[in-house]
Every structure is written in structure tokens, then in C-alpha cells.
DNA sequence: ACTATAGTTAGCTTTATGGCTAACCAATCA
DNA sequence: TGATTGGTTAGCCATAAAGCTAACTATAGT
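Residue numbers (the numbering used here), protein chains in the order written: chain A, 1 to 116; chain B, 1 to 116.
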């Protein structure tokens with residue numbers, strides 16, 4: 001499961017809508033198609049993309065194909081974002097500590113200077 | 001700031017690398033370009049895309065352009081993902097409760113049947 | 001003033017994306 | 001068995017994406 005493909009899959013509003021729909025439970029291709037003014041084959045393409053990104057799985061029984069969300073893929077993306085946030089938050093913390101340190105030095109310098 | 005564009009921006013490994021670099025602090029276009037075997041104009045395009053997605057901001061002073069991360073954009077995406085997760089987790093909870101209920105009914109039916 | 005540096009613009013190619021129609025299976029249902 | 005439903009394949013088109021080179025602009029350094 002590649003981050004590239006997951007992000008790519010989520011960059012399309014139709015596909016995000018499908019993902020959102022699947023959060024509420026499994027659905028057949030037909031059910032997924034209903035809300036969209038789009039030819040079936042076009043929608044199928046989206047489903048395929050979602051599948052190959054790992055966000056969705058599907059299985060055919062009889063003539064209907066049921067699709068379901070693969071939540072691990074979403075979790076992976078969330079994980080990546082959280083990791084980045086952690087990095088810049090740590091950086092901001094260090095920055096803040098540094099600023100604090102500067103302020104203290106400023107004060108102590110002031111104390112040294114004043115008595116002059 | 002459009003979810004479409006943010007996800008789209010993050011779907012490219014070069015751009016994700018730039019974002020990761022910027023988590024460690026501001027950088028000029030030149031600095032950002034160094035790690036990549038890519039012509040400058042190509043890299044500039046990526047930066048433009050990151051800017052128009054709202055993930056990165058940049059300002060030119062003199063002849064160097066400094067780029068910085070716009071963390072709100074990342075936060076928005078994280079928010080979207082978290083929202084989806086909440087929905088399917090709630091659904092799973094309901095499902096679990098339902099299964100529990102079924103089990104209890106099963107037991108109570110068993111009690112009713114056994115004495116027969 | 002001259003040169004080197006840091007970006008930028010313009011324009012080209014190749015490949016991928018998102019949509020369509022039309023024709024085609026394959027499982028139900030009558 | 002014949003029609004209907006649900007999905008699938010194939011192939012077309014327009015636009016956008018990701019890369020390149022070459023030529024240009026504007027600031028800094030000498």
C-alpha cells in the first residue's frame with residue numbers, strides 16, 4: 001500500500017464521496033453509483049483506483065460486487081500526517097525554548113549593565 | 001484551501017519530501033532543490049503546486065525565495081481523516097452492540113426453549 | 001560595470017486522468 | 001428460454017501532470 005496512491009485516490013471528490021459512503025457500511029457498485037451523475041464505467045474506474053490504492057476491497061457474489069472500506073489504508077495516511085505534525089511541533093517547542101533562553105540572557109545582561 | 005488540491009499535492013513523492021523538509025524549518029528554493037536530481041524549473045512547479053494547495057507559503061526577499069510550511073493545511077487533512085475514522089468507528093460500535101444484543105436474545109431464547 | 005547566483009518564463013514532450021459510448025458477459029427472474 | 005439486471009471490457013477524447021531545455025530577469029558580490 002503506497003502513500004502516493006492513497007493520497008492520489010483521495011484527491012478526487014468522487015472517490016472521497018465513495019470513501020465517505022463506505023464509512024457507513026458496505027455497498028454494491030450500483031448503490032455507490034446512484035448518487036452520481038456519471039456513467040457506470042467511469043464510476044467503476046474510480047472504484048478500481050480505490051481498490052488499487054488499498055482503500056477499498058470488493059468481492060463479487062453472484063452478479064453484484066460488494067465494496068468495503070479498508071480502514072488500515074486511511075490509518076496509514078493519518079499516521080504519516082501525525083508523524084509530520086510531531087516533527088514540526090517538536091521544532092516549534094525547541095524554538096520556543098530557545099526564545100525563552102534568549103529572554104533570560106537578556107535579563108541577566110540587563111542586570112549586569114544597570115549597576116554600571 | 002481545497003481538500004482536492006491538498007491530497008493531490010501530497011500524492012507526489014517529491015512534494016511530500018519537500019513538505020517533510022519544511023517540517024524542519026524554512027528553506028530557500030535552492031536548498032529545497034539540492035536533494036533532488038531534477039531541473040530547477042521542474043522543482044519550482046512542485047513548489048507552485050504546494051503553494052496553490054495551501055501547504056506551503058513563500059516570500060521573496062532579494063533574490064532568494066524562502067518557503068515555509070502552512071501547518072493549517074496539513075491539520076485540515078488530518079481533520080478530514082479523523083472525521084471519517086470517527087464515522088466508521090461509531091458504526092463498528094453500533095455493530096458490536098447489535099451483536100451483543102443478538103447474543104443475549106440467543107441466551108434468553110435458549111432458556112425459554114430448554115425447559116420444553 | 002561585470003560576473004555569478006537564484007529564480008523565473010516559455011514552450012515542448014510524454015504519460016496519466018477522468019470522462020464518454022457501445023458492445024459484451026453472466027446471473028436472475030418470469 | 002428469453003428478458004432484465006448488474007457489472008465489465010474496449011476504445012475514444014480532452015485535459016492536466018511531470019519532466020525537460022533554453023533563454024531571460026534581477027540581485028549581489030568584486
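Glycine residues also receive a C-beta, built at the ideal position from the N, C-alpha and C atoms.
Keep in mind it's a predicted model, so treat the numbers as computed, not measured.
Straight across, the Cα-Cα distance linking residue 43 of chain A with residue 60 of chain A is about 16 Å. Residue 63 of chain A sits in coil when the DSSP states are folded into three classes, being neither helix nor strand.
Residues of chain A whose Cβ lies closer than 8 Å to the Cβ of residue 8 of chain B are, in chain order, 7, 8, 11. Using a 10 angstroms sphere on the CB of residue 11 of chain A, the tally of other CB atoms reaches 16 or more, which defines it as buried. Residue contact check for residue 102 of chain A against chain B: no CB pair falls below 8 Å.
Taking 9 Å as the upper bound on Cβ-Cβ separation, chain B lies near residues 69, 71 of the segment 43–73 of chain A. Taking a Cβ-Cβ threshold of 9 Å, none of the residues of chain A is close to residue 31 of chain B; the smallest such distance is about 16 Å. Boundaries for residue 24 of chain B: no alpha helix (DSSP H) harbours it, and the DSSP string shows neither H nor E there. The beta-carbon of residue 19 of chain B is placed less than 8 Å from the nearest beta-carbon of chain A. Residue contact check for residue 78 of chain A against chain B: a CB pair falls below 8 Å.
In chain order, 78 make up the part of chain B whose C-beta sits under 9 Å from the C-beta of residue 82 of chain A.
For residue 24 of chain B, the C-beta contacts it makes with chain A under 9 Å involve 87, 88, 91, in order along the chain. Note that the segment 26–40 of chain B does not touch the segment 13–23 of chain A; fewer than 3 beta-carbon pairs, one per stretch, sit closer than 8 Å. Of the residues B:70, B:102, B:90, the one whose Cα lies closest to the Cα of residue 57 of chain B is B:70.
Taking residue 7 of chain B as the centre and dropping the five residues before and after it, the same chain places the C-beta of 77 closer than 8 Å to its C-beta, in chain order. Separation of the CB atoms of residue 55 of chain B and residue 9 of chain B is rounded to 6 Å, and the pair is thereby assigned contact status at 8 Å. Here the alpha carbons of residue 79 of chain A and residue 53 of chain A stand approximately 16 Å from one another.
Closest in alpha carbon position to residue 74 of chain A, among B:67, B:89, B:35, is B:89.
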